[in-house]
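Q:
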Amino acid sequence: MGLKEFIKNNILIFDGAMGTMLQKKGLKLGENPELLNITSPSIIEDIHREYIENGANVITTNTFGANELKLKLCNMEVEEAVSAAVNIAKKAKGNSAAYIALDIGPIGELLEPMGTLSFDRAYEIFKRQIVEGVKCGVDIILLETMTDLYELKAAILAAKENSDLPIFATMTFEENGRTFTGCSPESMVLVLEGLGVDALGVNCSLGPKQLKPVIEEICSLSNIPVMVQPNAGLPTLSIGNETKYDVTKEEFAETLCGFVDKGVRIIGGCCGTTPEYIRELCIRTRNIELKNKEINYYSAVCTPSKVVRIDRIRIVGERINPTGKKLFKQALINDDLDYILNTAVAQVEGGAHILDVNVGLPEIDEPNMMHKVVKEIQGILDIPLQIDSSDVNAIETGLRYYNGKPILNSVNGEDKVLERILPLVKKYGANVVGLTLDEKGIPPKAENRFKIAEKIVNKAIEYGIRKEDVFIDCLVLTVSAQQEEVQETLKAVRMVKERLGVKTLLGVSNISFGLPNRQFINETFLALALGNGLDLPIMNPNETGMMRIVDTYNVLYNYDKGSEKYIDKYANVKISTTTSLNDSKDNNKISDKNEIRNLKGIVIKGLKEEAKNATVELLNTLKPLEVVNEYLIPALDEVGEKYEKGELFLPQLIQAAETVKNSFTVLKAEIAKSNTENISKGKIIVATVKGDIHDIGKNIVKVILENYGYEMIDLGKDVPIETVVEEARKHNVKLVGLSALMTTTLRSMEETIKALKDDGYDGKVFVGGAVLTPDYAEQIGADFYAKDAKESVEIAKKILG
1 MGLKEFIKNN
11 ILIFDGAMGT
21 MLQKKGLKLG
31 ENPELLNITS
41 PSIIEDIHRE
51 YIENGANVIT
61 TNTFGANELK
71 LKLCNMEVEE
81 AVSAAVNIAK
91 KAKGNSAAYI
101 ALDIGPIGEL
111 LEPMGTLSFD
121 RAYEIFKRQI
131 VEGVKCGVDI
141 ILLETMTDLY
151 ELKAAILAAK
161 ENSDLPIFAT
171 MTFEENGRTF
181 TGCSPESMVL
191 VLEGLGVDAL
201 GVNCSLGPKQ
211 LKPVIEEICS
221 LSNIPVMVQP
231 NAGLPTLSIG
241 NETKYDVTKE
251 EFAETLCGFV
261 DKGVRIIGGC
271 CGTTPEYIRE
281 LCIRTRNIEL
291 KNKEINYYSA
301 VCTPSKVVRI
311 DRIRIVGERI
321 NPTGKKLFKQ
331 ALINDDLDYI
341 LNTAVAQVEG
351 GAHILDVNVG
361 LPEIDEPNMM
371 HKVVKEIQGI
381 LDIPLQIDSS
391 DVNAIETGLR
401 YYNGKPILNS
411 VNGEDKVLER
421 ILPLVKKYGA
431 NVVGLTLDEK
441 GIPPKAENRF
451 KIAEKIVNKA
461 IEYGIRKEDV
471 FIDCLVLTVS
481 AQQEEVQETL
491 KAVRMVKERL
501 GVKTLLGVSN
511 ISFGLPNRQF
521 INETFLALAL
531 GNGLDLPIMN
541 PNETGMMRIV
551 DTYNVLYNYD
561 KGSEKYIDKY
571 ANVKISTTTS
581 LNDSKDNNKI
591 SDKNEIRNLK
601 GIVIKGLKEE
611 AKNATVELLN
621 TLKPLEVVNE
631 YLIPALDEVG
641 EKYEKGELFL
651 PQLIQAAETV
661 KNSFTVLKAE
671 IAKSNTENIS
681 KGKIIVATVK
691 GDIHDIGKNI
701 VKVILENYGY
711 EMIDLGKDVP
721 IETVVEEARK
731 HNVKLVGLSA
741 LMTTTLRSME
751 ETIKALKDDG
761 YDGKVFVGGA
771 VLTPDYAEQI
781 GADFYAKDAK
791 ESVEIAKKIL
801 G
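For the sequence shown, UniProt numbering puts the final residue at 801, and the numbers step up evenly by one.
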C-alpha cells in the first residue's frame with residue numbers, strides 16, 4: 001500500500017526525539033549530532049532500531065542540521081552527512097515495513113527582509129540536502145521545526161522541483177498561537193495546502209496540552225492529513241548531562257489520542273520523547289476508530305501573519321499601478337521604492353484589505369522590479385497582495401517570492417493563456433482572477449461573458465485549482481464610450497455569483513474615464529456593483545466617497561453588526577455643505593506631509609530611506625541625543641507595544657529597528673564632527689552558547705537593543721564558556737545575554753552562567769531561546785528570562801537605564 005493511501009485509513013506513527021536519545025547515549029557538550037553518522041554510526045542505528053521495535057512506522061534520519069552552513073563548523077560535506085545517515089537508517093530498517101523520512105530542519109539564519117539570507121540561497125541549501133537524500137533512497141521528505149513560513153516555502157519548492165516524494169511539513173508554535181516570526185496556523189494551512197504538501201502540522205516547542213488550541217484550529221481548517229509531534233512537555237532541572245521533561249508517556253499518549261479524534265492522522269514525538277513514548281502511542285491508538293473529516297473550502301488570501309477571508313466586501317487598493325500616473329512611472333524608472341512604499345502605506349491607512357501590485361513599464365526590468373516591490377512591501381506591511389501583470393516572467397517572479405497566498409491578476413478565456421498561466425497558479429497555490437474576454441475580445445452581452453467565466457472556472461478545476469480560488473472579473477467598460485454595456489457588466493456579475501458560486505472582482509474606476517468629476521460616477525457604479533454581488537472592488541481607498549459607499553453597504557447588508565464600525569468612524573464627522581470637484585489625473589493621495597516628515601511616524605512605518613532625510617532635517621534644530629530621546633526611542637517603544645499586543649509581528653519589528661539604524665548612521669556622523677555627545681547607553685554582550693549553532697534569536701535581540709542605543713558586543717554562536725567569561729571581564733559589562741535553541745545545549749548555558757559567577761562577575765545575565773521557560777531560567781542561575789526581543793529591551797532599561 002502506498003504511503004498516501006495508508007494515511008487515509010490509518011494512523012501513521014513517527015519516531016520520537018533523536019537529540020534526547022543521543023544525550024542518553026553520551027552525546028558530548030557541543031558535539032554536532034550529524035558528526036555521529038560518521039564517527040559512531042552504531043549509536044544512531046541502535047536508536048532507529050529501538051523506535052522500530054517499539055512500533056514506529058517512520059524513522060527520521062539524523063540530518064536535522066545537515067545543511068552546508070551548519071556542517072561547515074565541523075568540516076563535513078552535506079552529501080557525506082546525508083548519505084551516511086540514510087544508509088544507517090536503511091540498515092536499521094532491515095526487512096521491516098518502516099518508512100525512512102529525510103529530516104530537514106531550519107537553516108539557522110533569517111531570510112530577507114528580516115535577515116540577510118536570500119530566498120534563492122535558502123532554496124539552494126535545501127535543494128542540496130534533498131537531492132542527496134532522494135538519491136540515497138528515502139521515502140518521505142520531512143521539513144520540520146520551521147518558524148518562518150517563507151523559509152518553509154523555499155524548502156517545499158526545493159522538494160517539489162527536485163523530487164516526487166511525499167512532503168510532510170511542520171512548524172513550531174508558541175503559547176500565543178503563533179510561530180516565532182508571527183505566522184498563524186490559518187496562514188500556514190492556506191499556504192502549505194496551496195503549495196501541495198502531503199501533510200502539515202506542528203512539532204516541537206511545547207507539550208501536547210499547551211499545543212491543543214493550535215492543533216484544534218489546524219484540524220478545523222486543513223483538508224489534508226494533519227501531523228503532530230509535540231515535546232514531552234517543558235524542560236525541568238538538568239541532571240548530569242540530561243534534560244528532563246514534565247509530561248509522562250501516559251499523559252503524552254492520552255492527549256495525542258484526543259487529537260486523532262479531531263482529525264490528526266500522523267503522530268510522533270519531539271524533544272524529551274523516547275521509544276517508551278512511541279510504544280505507548282502504539283498501544284493506545286491500536287483500536288481507535290477513524291472518522292472522516294468534513295471538507296472545509298473557502299476563499300482567502302494571506303500573509304504569514306494576516307488572513308483576509310473573502311466572506312464580505314474586501315477592497316483591493318489600485319494605486320500601485322503606473323497607468324495614468326506620471327509620478328508613479330517616474331518612481332519605477334528611478335527605482336524610488338520609498339515612493340511606492342508610501343503609496344502602499346497610505347492605501348492601508350485608507351482601508352484597503354489587499355493591494356494590487358502592477359509595475360509594468362517597457363523601460364524597466366519588470367520581473368526584477370516585481371521581486372523588489374513585493375519584498376519591500378512585505379517587509380513593512382502585513383497586507384496580502386495581488387500580483388498584477390501580463391508578463392509571464394513577472395507573474396512567476398511575483399508568485400515565487402511572495403510570502404503567503406496571493407491573488408494573481410490575471411488569466412482570460414484564451415486557451416493559450418490558460419495553458420500558460422494556470423499551471424503557475426497551481427504550482428504556487430495562488431488565487432487567480434479570470435477576465436471574461438477571449439480571442440474575440442470582450443463580449444457585449446452578459447450571457448457571453450458568463451460563458452467565458454464558466455470556461456475559466458472549469459479549466460481551473462481541471463488543473464486542480466479549487467473554484468474557491470478563482471475570482472471572476474466581468475470587466476468594466478468606459479461609460480462615456482460604451483454606455484449600454486454598463487448594465488451588461490452588472491448583469492454578468494450577478495450571473496457569475498449566482499450560477500457559478502465564485503467570488504467576483506471589478507476595476508471600478510475604469511467606468512468613468514473621460515468624464516468630469518469622475519468620483520460621482522465611480523461612487524454610484526460601486527453601489528450598483530455591490531448590490532449585484534461584487535466581492536472585490538479594485539479602487540482607491542483614499543477616496544472618502546468610495547469608502548463611504550462600502551461602509552454604508554456593510555451596515556445595510558448586516559456585515560457591520562450593530563453598525564459598530566460605522567458609528568465609530570462617522571459619529572463625529574460633520575457633513576460639509578460644499579462638495580469638492582477634484583478631477584486630478586494623478587490623485588495619488590498619500591499620508592499627510594507632516595506625518596511623512598515626522599521621524600517617529602517614519603520609523604513606525606519602516607520607511608528606511610526617508611529616515612535619513614528626516615534625521616538630517618531634525619539636526620537643524622535638535623542635538624543628536626534629543627533626536628534619539630524624542631523621536632527614535634518613543635517610536636521603537638510604540639512598535640514594541642504593538643508587537644506585545646499582537647498588532648505587529650517580527651518582520652515589522654525588525655524593519656522598524658533597521659529604519660532606526662539608518663537614522664543612527666546620520667546621528668553618529670554628526671557626533672563625530674562635534675565629538676561632544678555619546679549616545680551609547682552602555683555595553684551588552686550577547687552570545688549563543690557552546691554547542692549551539694542557531695543565532696536567529698540572538699541576532700534579533702542584537703538589532704533591537706542596538707537601535708535603542710546600547711553598544712552590542714556580539715560573540716557569535718557556539719561560543720566557548722571561557723570566551724564569554726573573558727569578554728565579560730575585558731569589557732566590564734553589566735549585562736550578558738545568552739541564547740540557546742537546542743535542548744542539548746541547555747547544560748552549556750547553565751555552565752556558562754556558573755563560570756561567570758565563579759569568576760566574580762557582578763553583572764546580570766539574561767537568557768532566551770525556544771527551549772527555555774522562566775522556571776528553567778531561574779533554576780540554572782539566570783537573573784532574567786527574555787521571552788522575546790522586546791523583553792530584552794525592558795531588561796536592558798532596568799539594568800543600564
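Don't be surprised by glycine CBs; every beta carbon is placed ideally from N, CA and C.
Would you report the Cα separation of Glu711 and Asn732, rounded to the nearest angstrom?
A: One C-alpha to the other measures close to 13 Å.
Q: Looking at the structure shown, is Leu715 part of a helix, part of a strand, or coil, going by DSSP?
A: Coil, per DSSP.
Q: Helix, strand or coil: which one does DSSP assign to Val771?
A: Coil at Val771, not helix or strand.
Q: Quick one: give me the first and last residue of the alpha helix (DSSP H) that Met21 is part of.
A: Where Met21 is concerned, the enclosing alpha helix (DSSP H) stretches over 19-24.
Q: Beta strand (DSSP E) containing Glu144: first to last residue?
A: 140-146 is the extent of the beta strand (DSSP E) around Glu144.
Q: Rounding to the nearest angstrom, what Cα-Cα distance links Ile452 and Asp148 in this structure?
A: Cα to Cα, the separation comes out at about 39 Å.
Q: If you follow the beta strand (DSSP E) that Met547 is in, where does it begin and where does it stop?
A: Taken as a continuous stretch (DSSP letters only), Met547 belongs to no beta strand (DSSP E), being part of the alpha helix (DSSP H) at 544-556.
Q: May I have a chain-ordered list of the alpha helix (DSSP H) segments no shorter than 4 residues that lie completely inside the UniProt domain "B12-binding" (681-801)?
A: 696-706, 721-731, 746-758, 774-779, 789-800, all fully within the UniProt domain "B12-binding" (681-801).
Q: On the premise that Ile156 lies in contact with Asp198, defined as a C-beta separation below 8 Å, what is that separation, rounded to the nearest angstrom?
A: That belief does not hold up - the Cβ atoms of Asp198 and Ile156 are roughly 11 Å apart, past 8 Å.
Q: Please report the distance separating the alpha-carbon of Pro774 from that of Tyr785.
A: Each residue's alpha carbon lies about 6 Å from the other.
Q: Mind pulling the alpha helix (DSSP H) runs of 4 or more residues that sit fully within the stretch 418-505?
A: Correct list: 446-462, 485-495.
Q: Check this for me: beta carbons of Ile387 and Pro406, under 8 Å apart or not?
A: Cβ atoms of Ile387 and Pro406: closer than 8 Å.
Q: Nearest-angstrom Cα distance between Gly801 and Lys681?
A: Computed Cα separation, rounded: 7 Å.
Q: With a cut-off of 8 Å on the beta carbons, I'd call Gly404 and Ser187 a contact; round off their distance for me.
A: Confirmed, about 6 Å.
Q: Quick one: residues in its chain with C-beta nearer than 6 Å to the C-beta of Met370, no 5 flanking neighbours on either side, listed in chain order?
A: For Met370, where only same-chain residues beyond five positions count, the Cβ hits under 6 Å are Val359, Ala394, Thr397, Gly398.
Q: Between which two residues does the beta strand (DSSP E) containing Arg265 stretch?
A: That run of the beta strand (DSSP E) goes 264-267.
Q: Does the structure place the stretch 776-785 close enough to the stretch 95-111 that three or more beta carbon pairs sit under 8 Å?
A: The answer is no - the stretch 776-785 does not touch the stretch 95-111, with fewer than three Cβ pairs under 8 Å.
Q: Give the range of the alpha helix (DSSP H) segment to which Gly533 is assigned.
A: Premise fails: Gly533 is in no alpha helix (DSSP H) and is neither H nor E.
Q: In chain order, what are the residue ranges of uninterrupted beta strand (DSSP E) at least 3 long that sit wholly in the stretch 189-226?
A: Runs found: 199-203.
Q: Classify Thr544 as buried or exposed, calling it buried when 16 or more other Cβ atoms lie within 10 Å of its own Cβ.
A: Under this definition Thr544 is an exposed residue.
Q: Does the separation of the CB atoms of Asp469 and Asn412 fall below 8 Å?
A: No; because the gap between Cβ atoms is not below 8 Å, this pair is not in contact.
Q: Please return the same chain residues whose Cβ sits closer than 6 Å to the Cβ of Thr273, not counting the five positions on each side in sequence.
A: Here the set comprises Gly16, Ala17, Ala232.
Q: I think Asp473 touches Gly434, with their Cβ atoms under 8 Å apart; what is that distance to the nearest whole Å?
A: Contact holds; Cβ gap of about 7 Å.
Q: For Asp310, which option in Pro537, Gly19, Val555 has the closest C-alpha, if you only look at C-alpha atoms?
A: Before going on, a small fix: residue 310 reads as Ile here, not Asp. Cα-wise, what sits closest to Ile310 is Pro537.
Q: Quick one: give me the first and last residue of the beta strand (DSSP E) that Phe6 is part of.
A: Taken as a continuous stretch (DSSP letters only), Phe6 belongs to no beta strand (DSSP E), being part of the alpha helix (DSSP H) at 3-9.
Q: May I have the straight-line CA-CA distance separating Pro634 from Arg128, to the nearest angstrom?
A: Using only the alpha carbons, I get a separation of about 45 Å.
Q: Alpha carbon to alpha carbon, how far is Thr179 from Pro33?
A: Approximately 25 Å, taken between the alpha carbons.
Q: How would you write the range of the alpha helix (DSSP H) that Ala346 sits in, first residue to last?
A: 337-350 is the span of the alpha helix (DSSP H), which, as asked, contains Ala346.
Q: Spatial neighbours of Ser580 within its chain, please: C-beta separation below 7 Å, excluding the five flanking residues on both sides.
A: For Ser580, the pLDDT reaches just 44, beneath the cut-off of 50, and the residue's location in the model is therefore unreliable, although a value from the coordinates is still provided. No residues qualify anywhere along the chain.
Q: For a test of the three-state rule: what should DSSP assign to Ile315, helix, strand or coil?
A: Coil at Ile315, not helix or strand.
Q: Is Asn572 helix, strand or coil when you go by DSSP?
A: Three-state DSSP puts Asn572 in coil, outside helix and strand.
Q: Decide if the stretch 312-320 is in contact with the stretch 54-66; the criterion is three or more beta carbon pairs, one per stretch, under 8 Å apart.
A: No, they do not touch.
Q: For Gln229 and Pro367, what's the separation of their Cα atoms in angstroms?
A: The straight-line gap from Cα to Cα measures roughly 40 Å.
Q: Ends of the beta strand (DSSP E) at Tyr51?
A: No beta strand (DSSP E) contains Tyr51, which is instead part of the alpha helix (DSSP H) from 41-53.
Q: Would the beta-carbon of Ala98 fall within 8 Å of that of Ile59?
A: Result yes, Cβ atoms of Ala98 and Ile59 sit closer than 8 Å.
Q: Does the stretch 447-466 come close enough to the stretch 494-511 that 3 or more CB-CB pairs lie under 8 Å?
A: With a cut-off of 8 Å, the stretch 447-466 and the stretch 494-511 count as touching, because enough Cβ pairs lie within range.
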